[in-house]
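Visitor: According to this note's numbering, the sequence shown holds residues 8 to 311 in order.
One structure, pasted below without further comment.
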Amino acid sequence: MQHFRTLLDVTPDQLRQLLEEAARLKVGWQRGERPALLARRVLGLVFEKPSLRTRVSFEAAMAQLGGSSIFLSEADGGMGRREPVPDFARVLSQYVDVVALRVFSQKTVEEFAACSSCPVINALSDLDHPCQALGDLMTMQEQFGKVAGRTLVFVGDGNNVARSLALGCGMLGVRFILSAPEGYRFDAAFEKLFHTSCPQGELLQEGDPVRAVAKADVLYTDVWTSMGQEAERQERLQRFANYQVNAQLLARAPAHARVMHCLPARRGEEITADVFEGPQSLVIPQAANRLHAQKSLLCWLVQS
Ligand code: CP
Ligand code: NVA
8 MQHFRTLLDV TPDQLRQLLE EAARLKVGWQ RGERPALLAR RVLGLVFEKP SLRTRVSFEA
68 AMAQLGGSSI FLSEADGGMG RREPVPDFAR VLSQYVDVVA LRVFSQKTVE EFAACSSCPV
128 INALSDLDHP CQALGDLMTM QEQFGKVAGR TLVFVGDGNN VARSLALGCG MLGVRFILSA
188 PEGYRFDAAF EKLFHTSCPQ GELLQEGDPV RAVAKADVLY TDVWTSMGQE AERQERLQRF
248 ANYQVNAQLL ARAPAHARVM HCLPARRGEE ITADVFEGPQ SLVIPQAANR LHAQKSLLCW
308 LVQS
């Protein structure tokens, strides 16, 4: 059974094919084409955390492809509380063709997938956000054409978004630099995973954001406090204070550099309003690409 629990569930070639198909679907969609590639197929969404982009782009994708979706919030499903995850997975996966999970723990994704009779997509966990990485890599390809040899600098927390994007960059030959304060960097286990999975990949960590962005093609950032970390917010605000993507930092990057953010953003914290809204920002078209990237993913998982 093919799943998308992390980006490492696909090979670099499969990743390239998913991105090519996403670009094709986007062009067709812009021409007004609405192929019913997933007619009468059903996506189950089980979300323990809030979402705008991921939920709506998945639901819209299924509707536009002729299928439908069923959304279960924490209150509806009670996965892991009302009944154990394996029971939930074995039952739900008999009703639908594919399941997307947004959960607190990556272990839940793994546990679900191990018992599921249909493909499982990680729609964000504590450790990974592979659907975000798919849309982001698509956005970079649109911007730069071939992305191999480019440099992406992630300024901020070495979190779920950073980890998935690092793996995606490693698979496509994009140098990934994480600029994070001590304590918020990738740990040795992740570095090992990266180098084992992407032997040709380049993963660097540079504590000084000014030095980090000197050769950046992309400056990427995300919130300093992710969902589920709210109790650490005050401490994180202090620790990340020097890691804001603002006009001064952007001025230290090459003039062609672009700014990306997975959203939602906290203006005045990890990114300033002027940079968010500025001419180098890709954040809004970046969000649009979630739709096309996930259509490609859904078609591949459901049809294969
Ligand atoms: N970027 C992202 O996944 O946004 P949502 O949390 O709104 O889905
Ligand atoms: N790192 C953020 C991403 C939100 C899309 C979080 O997990 O809350």
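Just so it is clear, CB atoms sit at the ideal spot from N, CA and C, and this is done for glycine as well.
#1: For Met8, count the other beta carbons within 10 Å of its own beta carbon; 16 or more makes it buried, fewer makes it exposed. Which is it?
#2: What beta strand (DSSP E) runs, 3 residues minimum, are completely inside the region 120 to 167?
#3: Taking Pro238 as part of the beta strand (DSSP E), name the residues at either end of that continuous run.
#4: So what's Val103 in DSSP terms, helix, strand or just coil?
#5: Give the secondary structure of His10 by DSSP, where H, G and I count as helix, E and B as strand, and everything else as coil.
#6: Over what stretch of residues does the beta strand (DSSP E) that includes Ile184 continue unbroken?
#7: Cβ of Asp229 versus every heavy atom of ligand 2: is any distance shorter than 7 Å?
#8: Using the Cα positions of Val168 and Cys306, report the straight-line distance between them to the nearest angstrom.
#9: Starting from Gly51, trace the beta strand (DSSP E) in both directions and tell me its first and last residue.
#10: Taking the alpha carbon of Phe95 as the reference point, which residue from Gln71, Ala121, Gln113, Gly73 has its own alpha carbon closest?
#11: Check the C-beta distance from Leu298 over to Ala67 and give it rounded, since I have them as a contact under 8 Å.
#12: Could you check whether Val92 and Val106 sit closer than 8 Å to each other, using their CB atoms as the reference points?
#13: Just to confirm, is the Cβ distance from Met234 to Asp143 under 8 Å?
#14: Candidates Ile184, Lys222, Phe193, Gly190: which alpha carbon is nearest Glu209's?
#15: Which residues mark the beginning and the end of the beta strand (DSSP E) in which Arg265 is found?
#16: Quick one: what does DSSP say Glu276 is sitting in, helix, strand or coil?
#17: Using 7 Å as the cut-off, classify the Cβ of Leu131 as near or not near the heavy atoms of ligand 1, replying yes or no.
#18: Is Gln139 near ligand 4, in the sense that its beta carbon is under 7 Å from a heavy atom of that ligand?
#19: To the nearest angstrom, report how far apart Ser58 and Ala155 are at their CA atoms.
#20: Looking at the strands, I want to know which residues DSSP matches up with Ser75.
#21: Compare the Cα-Cα distances from Leu134 to each of Asn249, Phe111, Leu52 and report the closest residue.
#22: Is Leu108 helix, strand or coil by DSSP?
#23: Identify whether Tyr227 lies in helix, strand or coil by the three-state DSSP scheme.
#24: Do you know whose CA, among Gly214, Thr279, Ala221, Asp194, lies nearest Val230's CA?
#25: Helix, strand or coil: which one does DSSP assign to Leu211?
#26: For Asp224, tell me which candidate among Leu159, Thr18, Phe78, Ser204 has the shortest Cα-Cα distance.
#27: Anyone know if the C-beta pair for Arg48 and Val252 falls short of 8 Å?
#28: Check the C-beta distance from Gln293 over to Phe65 and give it rounded, since I have them as a contact under 8 Å.
#29: If we ignore side chains and look at the alpha-carbon of each, how far apart do Gln37 and Thr203 end up?
#30: Mark Thr18 as exposed unless 16 or more other C-beta atoms lie within 10 angstroms of its C-beta, in which case mark it buried.
#31: Quick one: measure Cβ to Cβ for Ala46 and Gly73, integer angstroms, because I've assumed they're closer than 8 Å.
Guide: In short:
#1: exposed
#2: 127 to 129, 158 to 162
#3: Note that residue 238 corresponds to Ala in the displayed sequence, not to Pro. Per DSSP, Ala238 belongs to no beta strand (DSSP E) and is neither H nor E.
#4: coil
#5: coil
#6: 182 to 186
#7: yes
#8: 23 Å
#9: 49 to 54
#10: Ala121
#11: 6 Å
#12: no
#13: no
#14: Ile184
#15: 265 to 268
#16: coil
#17: yes
#18: By its list of ligands, the structure shown excludes ligand 4, since it contains just ligand 1 and ligand 2.
#19: 31 Å
#20: Val49
#21: Phe111
#22: strand
#23: strand
#24: Thr279
#25: strand
#26: Leu159
#27: no
#28: With 8 Å as the limit, Gln293 and Phe65 do not qualify as a contact, their Cβ atoms being about 17 Å apart.
#29: 39 Å
#30: exposed
#31: 4 Å
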